[in-house]
Ligand SMILES: NC(=O)c1ccc[n+]([C@@H]2O[C@H](COP(=O)([O-])OP(=O)(O)OC[C@H]3O[C@@H](n4cnc5c(N)ncnc54)[C@H](OP(=O)(O)O)[C@@H]3O)[C@@H](O)[C@H]2O)c1
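In the numbering used here, the protein residues as written are 439 to 750.
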């Protein structure tokens with residue numbers, strides 16, 4: 439089978455497509471014939487070696503986290519999925535998988551679920567990490583409610599796209615940050631108010647909010663405390679809780695390390711099948727053009743996701 443491998447950390451030039459033996463599932467794992475995947479920022483962060491402190495690993499590895507495909511083998515003790523099931527989930531080497539940018543992958547069975555019936559493999563693969571992140575943040579961490587006010591940073595990105603749709607469905611008032619063509623895009627997703635993050639200071643435009651969802655980090659994170667009301671919550675995808683700011687503003691701060699689990703995938707499936715969450719894919723590349731796909735994600739303005747077709 440073909441797999442996207444790196445033997446050293448670096449820019450897109452370190453990526454190689456290699457012939458490999460198929461991986462076989464250990465106890466509690468499944469083997470999946472991968473039909474599609476998608477690119478997340480974590481894929482290039484791993485490729486460049488930025489996460490070696492948090493997730494030490496030995497190279498070479500196969501890159502890739504998101505996948506959708508068909509179960510082709512199950513290991514001992516796997517009960518919730520069977521051979522032939524169409525599933526989506528993750529297969530990152532950092533979470534016990536063999537890497538999803540490959541024709542076959544193995545992964546712990548608890549990180550996949552049956553995929554939404556109304557999606558193609560490519561669409562399903564495009565919402566794995568982004569969708570489970572948004573579900574976990576808004577439903578589990580924030581417990582966002584009708585009529586609450588939420589500020590979602592990076593609304594045109596992978597996570598932001600889904601978070602806006604879920605927050606609107608809950609009945610929250612949604613303000614989001616975006617720029618240029620992204621402004622029109624987030625309005626179409628249903629955002630009530632949009633702040634251009636390149637020309638406007640969001641912390642001067644909104645205040646007294648119940649929740650902030652930070653998918654950007656840095657100054658965007660620290661400035662966000664000011665827009666929360668006392669008792670509010672900020673969930674960040676990047677920043678550890680700033681205890682000084684938490685105390686100063688009387689708010690809760692959480693760093694979400696997304697768990698791609700059957701439970702969160704099932705919750706996402708329901709939202710997709712109920713028509714709440716629609717998938718937005720900006721471009722699709724075949725696996726053979728994985729370098730071009732990375733380049734597009736790293737250098738272009740992408741609304742929603744870049745998908746990878748593995749099996750035609
Ligand atoms: N902790 C975890 O477990 C976890 C899980 C998933 C993701 N993450 C992290 O979460 C972040 C977001 O993920 P994603 O998949 O949504 O990434 P993404 O698709 O690249 O989206 C990021 C969005 O943020 C926008 N942006 C950039 N600078 C901004 C600013 N100053 N203010 C407002 N928006 C800004 C970008 O817009 P432009 O196109 O205009 O630059 C882009 O639309 C990434 O850093 C990712 O690694 C963490």
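Beta carbons: idealized from backbone N, C-alpha and C, even for Gly.
Would you mind giving the Cβ-Cβ distance between residue i and residue j, rounded to the nearest angstrom? I have them listed as a contact below 8 angstroms.
i           : j           : result
residue 502 : residue 540 : 7 angstroms
residue 752 : residue 567 : The question about residue 752 has no answer here: the residues shown for the chain are numbered 439 through 750.
residue 550 : residue 519 : 6 angstroms
residue 411 : residue 602 : This structure cannot speak to residue 411, because the chain is shown only from 439 to 750.
residue 748 : residue 472 : 5 angstroms
residue 814 : residue 713 : With the chain represented from 439 up to 750, any question about residue 814 goes unanswered, as that position is not in the structure.
residue 563 : residue 587 : The Cβ separation is near 33 angstroms, so there is no contact.
residue 478 : residue 596 : 7 angstroms
residue 665 : residue 589 : 6 angstroms
residue 728 : residue 453 : 6 angstroms
residue 525 : residue 507 : 7 angstroms
residue 537 : residue 547 : The Cβ separation is near 17 angstroms, so there is no contact.
Name the two residues that bound the continuous beta strand (DSSP E) containing residue i.
i           : result
residue 618 : Element bounds for residue 618: n/a, residue is neither H nor E.
residue 650 : 647-652
Look at the alpha carbon of residue i and the alpha carbon of residue j, and state the distance between them as a whole number of angstroms.
i           : j           : result
residue 420 : residue 600 : Residue 420 lies beyond the residue range present for the chain, which begins at 439 and ends at 750; the question has no answer from this structure.
residue 640 : residue 682 : 21 angstroms
residue 467 : residue 695 : 22 angstroms
residue 661 : residue 516 : 46 angstroms
residue 741 : residue 732 : 15 angstroms
residue 492 : residue 484 : 10 angstroms
residue 698 : residue 571 : 8 angstroms
residue 533 : residue 489 : 13 angstroms
residue 523 : residue 469 : 11 angstroms
residue 449 : residue 598 : 26 angstroms
residue 723 : residue 623 : 22 angstroms
residue 440 : residue 750 : 14 angstroms
residue 638 : residue 737 : 23 angstroms
residue 721 : residue 459 : 29 angstroms
residue 510 : residue 743 : 27 angstroms
residue 633 : residue 465 : 49 angstroms
residue 735 : residue 482 : 9 angstroms
residue 705 : residue 578 : 11 angstroms
residue 700 : residue 585 : 29 angstroms
residue 445 : residue 487 : 11 angstroms
Taking C-alpha atoms, which residue in the options lies nearest to residue i?
i           : options            : result
residue 617 : 611, 605, 610, 631 : 631
residue 675 : 459, 480, 460, 448 : 480
residue 692 : 732, 667, 649, 699 : 649
residue 702 : 678, 527, 628      : 527
residue 620 : 457, 609, 635, 475 : 635
residue 668 : 661, 684, 706, 658 : 684
residue 461 : 512, 656, 518      : 512
residue 543 : 449, 657, 586, 463 : 463
residue 500 : 443, 595, 594, 749 : 443
residue 651 : 725, 670, 746, 454 : 670
residue 535 : 508, 557, 629, 504 : 504
residue 498 : 474, 529, 456      : 456
residue 629 : 638, 612, 447      : 612
residue 725 : 552, 446, 476      : 476
residue 719 : 495, 644, 557, 614 : 557
residue 656 : 642, 646, 678      : 678
residue 581 : 739, 673, 735, 446 : 673
residue 645 : 686, 663, 706      : 663
residue 545 : 451, 730, 447, 514 : 514
residue 531 : 554, 495, 687, 559 : 495
residue 559 : 643, 626, 474      : 474
residue 647 : 680, 553, 739, 687 : 687
residue 414 : 565, 627, 707, 487 : In the structure displayed, the chain extends from 439 to 750; residue 414 sits before or after that span and is not available.
Between which two residues does the alpha helix (DSSP H) containing residue i stretch?
i           : result
residue 706 : 700-711
residue 480 : 479-485
residue 659 : 657-662
residue 643 : 640-643
Can we count residue i as close to ligand 2, meaning its CB is less than 7 angstroms from some heavy atom?
i           : result
residue 594 : Although ligand 2 was asked about, the structure shown includes only ligand 1 as ligands.
So, is the C-beta of residue i closer than 8 angstroms to a C-beta in chain E?
i           : result
residue 540 : This model lacks chain E altogether, as it is built from one protein chain only.
Check your understanding: Quick one: complete beta strand (DSSP E) runs, 3+ long, within the segment 563-631?
Key -> For the beta strand (DSSP E) assignment, the uninterrupted runs of no fewer than 3 residues enclosed by the segment 563-631 are, from N- to C-terminal side, 587-590, 611-616.
**Study point:** Ranges of the alpha helix (DSSP H) found wholly within the segment 667-749, counting only runs of at least 4
**Key:** Complete alpha helix (DSSP H) runs here, min 4: 681-687, 700-711, 728-737.
Check your understanding: Which ranges would you report for the beta strand (DSSP E) in the segment 443-515 if only whole runs of at least 3 residues count?
Key -> Qualifying beta strand (DSSP E) stretches, in chain order: 453-457, 467-476, 504-512.
Point to revise | Ranges of the alpha helix (DSSP H) found wholly within the segment 519-551, counting only runs of at least 4 | key: Counting only runs that start and end inside the segment 519-551, there is no alpha helix (DSSP H) element of at least 4 residues.
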